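Enquirer: One structure is given below, represented as structure tokens, and several questions about it will come after.
Protein chains: 2
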Amino acid sequence: MHQFEDILHLIEDAINDIPLDKKPEDLYQPVKYTMALGGKRLRPTLCLMSCEMFGGNIEDALDVAIGIEVFHNFTLLHDDIMDDAPIRRGQASVFKKWDQNIAILSGDTMFALAMHKISESPIKVLKEVLDIFSDTAIEVCEGQQYDMDFESIQDVSIDEYIEMIRLKTAVLLGCSVKTGAIIAGTDKTNQDLIYEFSIKLGLAFQLKDDLLDTYGDEKVFGKKNGNDIVSNKKTFLLLKALEKANADQKSNINFLISQSSLEKSDKIKRMVNIYNQLDIQGETENKISDYYQQAEEILNDIDIDNGKKAIIKDFTQYLMKRTK
Amino acid sequence: MHQFEDILHLIEDAINDIPLDKKPEDLYQPVKYTMALGGKRLRPTLCLMSCEMFGGNIEDALDVAIGIEVFHNFTLLHDDIMDDAPIRRGQASVFKKWDQNIAILSGDTMFALAMHKISESPIKVLKEVLDIFSDTAIEVCEGQQYDMDFESIQDVSIDEYIEMIRLKTAVLLGCSVKTGAIIAGTDKTNQDLIYEFSIKLGLAFQLKDDLLDTYGDEKVFGKKNGNDIVSNKKTFLLLKALEKANADQKSNINFLISQSSLEKSDKIKRMVNIYNQLDIQGETENKISDYYQQAEEILNDIDIDNGKKAIIKDFTQYLMKRTK
């Protein structure tokens, strides 16, 4: 069995091996830049871990794992344009560093490159891998659209929010482990279980992101707290606060949301104050724990040797405890 | 053998069958709108004609043909954002009718839908079809990047221009006929010949577009002449004019290009006047004829019964004589 560090090493090497010093430079350099920005490589890691857990050969899943990572980075690149987000992983986002047209087109190219990598899947499971990947790609777009829709919808429910992050974030984690499982040749029951495991993991992961945006240690998390509050993003924290708030608190929250001229730090401070009154941090941590527990239970249900589950369990623990 | 009208009918029915009345509406309605705008359906037509010409069953190639058409329409949707083009096929382009973010994301969704359709290729040729499709998708992006690069490069050569339109336009026609040929199960030699045929056809097709933009009958062509001249687009016409011009004519051309405040109709009139002095219409028609002739010669070289080539030959003639 490969250790986490070995797997990450394999992934980084494979990413570095993608030939991107090509012409036209304004097309390929943004792709190279984006892939070099790093990140947790969560999706390819899960794909390879899943493949090995089910007795597959990690090498057989490497192209698909990289294809999924390239696809994920493509969605970030286009999301940054749509969200007008100037910073990605501490660096200028592509549309800021180059321009918007280059960002659109280099993103499109990354989708094509992702498809190229996915096509390198072992031939006997190619159709299955393609189907889950293209279904997932469509769902991810649906999730991003709901996310944008929610900006102008007043009464988003927590269920709708969870469905949005399921589509936007969790299904691609599901796709990662499921393709790994398919390539390993495990049965449909196991494929579906590991998929569901990853959906719960993905929901927990996204809620943790929401939590860190407000309550993270700024020095560790690497960015200023409160971006979601400043931009009135309807995160789990805000929706839960609106759900729990009394009339006074609700009117205070809505007042803060309606104020566009309020000084940023003041707005954050006042909103966090309300969150604290309602123990939104605790509420969110509980919800995250719920999802992690559900994920672990599903993992326990999978009918394979416990030793083989160890790495993915450790990885889940590591994600749960992360502070950035 | 199916006639042209039958093939077009099959294609329109298959496009109408794509389930697009789905949620979120702001994601799917722009896709539906784009696919309903019509167009020549050149690429799926070529795919199906090629498949049947090589003895394949047209039904086997239908999903791939539709996938290529969806991909083509995705590129137009994103190109319209990049070119800031408000009109597509006589209607508002998606980013004008909705907004830019919706245009980016519904375009991405179309790419995913295209991939989904391509994956429905007959399983025994799936890998081959995917490889040519994803290679082509990358080349189309490269072509669009070169097209944008050329806006700010002074000395674009005619060879560079031809290479740009090969990537931006011709290779997707090549992909269309080659996938049709692969699905029909013909040999590699025939696959390569029909690909090369389509490259020449695509170059002729694009040069005809350039020609019609300046010299088309406005009532028939459906849009005002001279858009390329107004936007200083480095088309074959302009590059050929610069090549043939004497010192005086060249300085006149460069003066017209440098003038941003010149009244549109005046600029067009004065540029067309120079084109006419240099017989740019004749030069372009000759170049188009050359490519069509090369395409026909390649078609003649293909070792199959002449009767089977008839429809694709007729279609080529129809494209050559088109006035819109």
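Chains as they are written, first to last, in the numbering used here: chain F, 1 to 324; chain B, 325 to 648. Where a beta carbon is used, it is the ideal one built from N, C-alpha and C, also for glycine. From a predicted model like this one, the values you see are computed outputs, not experimental measurements.
Using the three-state DSSP reduction, which class does Ala92(F) fall into: helix, strand or coil?
Expert: Taking the first residue of the first sequence as position 1, residue 92(F) is located at position 92. Ala92(F): strand per DSSP, three-state reduction.
Enquirer: For Leu602(B), collect the residues of the same chain with a Cβ closer than 8 angstroms to its Cβ; drop the 5 residues on either side in sequence, then sort them by chain order.
Expert: Position 278 of the second sequence, counted from the first residue, corresponds to residue 602(B). So the qualifying residues of the chain are Lys564, Ala565, Lys568, Ala569 and Gln573.
Enquirer: Starting from Ile87(F), follow its DSSP beta bridges and name the residues at the other end.
Expert: Walking along the first sequence from the start, residue 87(F) turns up at place 87. Bridge partners of Ile87(F): Ala92(F).
Enquirer: Does the beta-carbon of Lys532(B) have 16 or more other beta-carbons within 10 angstroms, so that it is buried, or is it exposed?
Expert: Residue 532(B) sits at position 208 when you count from the first residue of the second sequence. That one is buried.
Enquirer: Counting only C-beta atoms, is Asp534(B) closer than 8 angstroms to chain F at any point?
Expert: For the purposes of this step, residue 534(B) is taken as residue 210 along the second sequence, with counting starting at 1. Not an interface residue.
Enquirer: State the CB to CB distance for the pair Glu466(B) and Pro24(F), rounded to an integer number of angstroms; the pair is presumed to be in contact (CB under 8 angstroms).
Expert: Taking the second sequence and counting its residues from 1, the one referred to as residue 466(B) is at position 142. Taking the first sequence and counting its residues from 1, the one referred to as residue 24(F) is at position 24. Indeed, because the Cβ distance is near 6 angstroms, the residues count as touching under 8 angstroms.
Enquirer: Secondary structure at Thr460(B), three-state DSSP: helix, strand or coil?
Expert: The sequence position of residue 460(B) within the second sequence is 136, counting from 1. Residue state, collapsed to three classes: helix.
Enquirer: Using CA atoms only, rank isn't needed, just tell me which of Lys313(F), Ala184(F), Tyr291(F) and Phe255(F) is closest to Ile274(F).
Expert: To locate residue 274(F), count along the first sequence from 1; it is residue 274. That would be Phe255(F), whose Cα lies nearest to the Cα of Ile274(F).
Enquirer: Within 10 angstroms of the Cβ of Ala360(B), are there 16 or more other Cβ atoms? Answer buried if so, exposed if not.
Expert: As a first step, residue 360(B) must be located in the second sequence, where it is residue number 36. By the 10 Å Cβ count, Ala360(B) comes out exposed.
Enquirer: Give the residues of chain B in contact with Ile138(F), contact being defined as C-beta atoms less than 8 angstroms apart.
Expert: Translated into the one-based positions of the first sequence, residue 138(F) becomes position 138. Those are Thr433, Ala436, Leu437 and His440, listed as they occur along chain B.
Enquirer: Among Ile288(F), Phe205(F), Asn101(F) and Leu193(F), which residue has its Cα nearest to the Cα of Met53(F)?
Expert: By 1-based counting over the first sequence, the position of residue 53(F) is 53. Looking at the Cα atoms, Leu193(F) is the closest of the given residues.
Enquirer: For Ile598(B), does the three-state DSSP call read helix, strand or coil?
Expert: Residue 598(B) sits at position 274 when you count from the first residue of the second sequence. Three-state DSSP puts Ile598(B) in a helix.
Enquirer: Go ahead and label Thr109(F) buried or exposed: buried means 16 or more other beta carbons lie within 10 angstroms of its beta carbon, across all protein chains shown.
Expert: Working through the first sequence from its first residue, we reach residue 109(F) at position 109. Buried: at least 16 other Cβ atoms inside 10 Å.
Enquirer: Check Asn381(B) in the structure and name its three-state DSSP category.
Expert: Residue 381(B) sits at position 57 when you count from the first residue of the second sequence. Asn381(B): coil per DSSP, three-state reduction.
Enquirer: Taking the straight line between their C-alpha atoms, what separation do you get for Ser582(B) and Lys441(B)?
Expert: In the second sequence, the residue the question calls residue 582(B) occupies position 258. In the second sequence, the residue the question calls residue 441(B) occupies position 117. Each residue's alpha carbon lies about 46 angstroms from the other.
Enquirer: Rounding to the nearest angstrom, what Cα-Cα distance links Lys451(B) and Lys287(F) in this structure?
Expert: Translated into the one-based positions of the second sequence, residue 451(B) becomes position 127. Translated into the one-based positions of the first sequence, residue 287(F) becomes position 287. Between Lys451(B) and Lys287(F), the C-alpha separation is close to 43 angstroms.
Enquirer: How about Thr538(B) and Ile553(B): are their beta carbons less than 8 angstroms apart?
Expert: Stepping through the second sequence from its first residue, residue 538(B) is reached at position 214. Stepping through the second sequence from its first residue, residue 553(B) is reached at position 229. Closer than 8 angstroms, so yes.
Enquirer: Suppose you measure from the CA of Ser443(B) to the CA of Leu536(B); what does that come to, to the nearest Å?
Expert: The count along the second sequence starts at 1 and reaches residue 443(B) at position 119. The count along the second sequence starts at 1 and reaches residue 536(B) at position 212. The straight-line gap from Cα to Cα measures roughly 36 angstroms.
Enquirer: Starting from the beta carbon of Cys465(B), find every residue of chain F whose beta carbon is closer than 7 angstroms, and list them in chain order.
Expert: On the second sequence, residue 465(B) is found 141 positions in, with the first residue counted as 1. The answer, in chain order, is Leu27, Leu105, Asp108, Thr109 and Ala112.
Enquirer: How about Lys648(B): is its C-beta nearer than 8 angstroms to some C-beta of chain F?
Expert: Position 324 of the second sequence, counting from 1, holds the residue named residue 648(B). Closer than 8 angstroms: no.
Enquirer: Looking at the unbroken alpha helix (DSSP H) that takes in Asp330(B), where does it start and where does it end?
Expert: Along the second sequence, one-based indexing puts residue 330(B) at 6. Taken as a continuous stretch (DSSP letters only), the alpha helix (DSSP H) holding Asp330(B) covers Phe328 to Asn340.
Enquirer: Have a look at Leu400(B) and Lys308(F) and give me their C-alpha separation to the nearest angstrom.
Expert: Here residue 400(B) corresponds to residue number 76 of the second sequence, with the count starting at 1. Here residue 308(F) corresponds to residue number 308 of the first sequence, with the count starting at 1. So the two alpha carbons sit approximately 48 angstroms from each other.
Enquirer: Name, please, each residue of chain B whose Cβ falls closer than 7 angstroms to the Cβ of Asn101(F).
Expert: Numbered from its first residue, the first sequence carries residue 101(F) at position 101. In chain order: Met406 and Met472.
Enquirer: Identify the continuous alpha helix (DSSP H) that holds Gln154(F) and give its terminal residues.
Expert: Start at 1 with the first residue of the first sequence, and residue 154(F) comes out as number 154. Note, Gln154(F): premise wrong, no alpha helix (DSSP H); not H, not E.
Enquirer: Rounded to the nearest angstrom, what separates Ile628(B) and Asp135(F) at their Cα positions?
Expert: As a first step, residue 628(B) must be located in the second sequence, where it is residue number 304. As a first step, residue 135(F) must be located in the first sequence, where it is residue number 135. Taking the straight line from one Cα to the other gives about 39 angstroms.
Enquirer: Shortest alpha-carbon distance to Ser439(B) belongs to which of Gln144(F), Leu10(F) and Ile132(F)?
Expert: As a first step, residue 439(B) is located in the second sequence; it is residue number 115 there, counting from the start. Reading the sequence as shown, one finds Met at residue 439(B) and not Ser. Taking only the C-alpha atoms, the option nearest Met439(B) is Ile132(F).
Enquirer: Would DSSP call Leu242(F) helix, strand or coil?
Expert: Against the first sequence, residue 242(F) aligns to sequence position 242. Leu242(F) falls in the helix class under three-state DSSP.
Enquirer: Assign Tyr642(B) to buried or exposed, taking buried as 16 or more other Cβ atoms, counted over all protein chains shown, within 10 Å of its Cβ.
Expert: Sequence index remark: in the second sequence, residue 642(B) carries index 318 (1-based). That one is exposed.
Enquirer: Flag this pair as yes or no: are the beta carbons of Thr369(B) and Ile335(B) separated by less than 8 angstroms?
Expert: By one-based count along the second sequence, residue 369(B) stands at place 45. By one-based count along the second sequence, residue 335(B) stands at place 11. Yes, these two residues count as a Cβ contact at 8 angstroms.
Enquirer: Between the C-alpha atoms of Met644(B) and Val177(F), what's the straight-line distance to the nearest angstrom?
Expert: Within the second sequence, the letter at position 320 stands for residue 644(B). Within the first sequence, the letter at position 177 stands for residue 177(F). Taking the straight line joining both Cα atoms gives about 51 angstroms.
Enquirer: Among the candidates Ser555(B), Phe560(B) and Ile428(B), whose CA atom is the shortest distance from the CA of Glu74(F)?
Expert: As a position in the first sequence, residue 74(F) is number 74, starting the count at 1. A small fix is needed here, since residue 74(F) is Phe in this sequence, not Glu. Comparing Cα positions, the closest option is Ile428(B).
Enquirer: Taking the alpha-carbon positions, what's the Lys668(B) to Gly526(B) distance?
Expert: Since the first and last residues shown for chain B are 325 and 648, residue 668(B) lies out of range.
Enquirer: Terminal residues of the continuous alpha helix (DSSP H) containing Thr284(F)?
Expert: Position 284 of the first sequence holds residue 284(F). Start and end: Ile280 to Asp301.
Enquirer: Taking only beta-carbon positions, decide if Ile447(B) is within less than 8 angstroms of chain F.
Expert: As a working mapping, residue 447(B) is identified with position 123 in the second sequence. Interface residue, yes.
Enquirer: On the criterion of 16 or more Cβ atoms from any shown chain inside 10 Å, does Gly706(B) qualify as buried, or is it exposed?
Expert: The requested residue 706(B) does not occur in the structure, where chain B is confined to residues 325 to 648.
Enquirer: Would you report the Cα separation of Leu491(B) and Arg646(B), rounded to the nearest angstrom?
Expert: The residue labelled residue 491(B) in the question sits at position 167 within the second sequence. The residue labelled residue 646(B) in the question sits at position 322 within the second sequence. About 22 angstroms.
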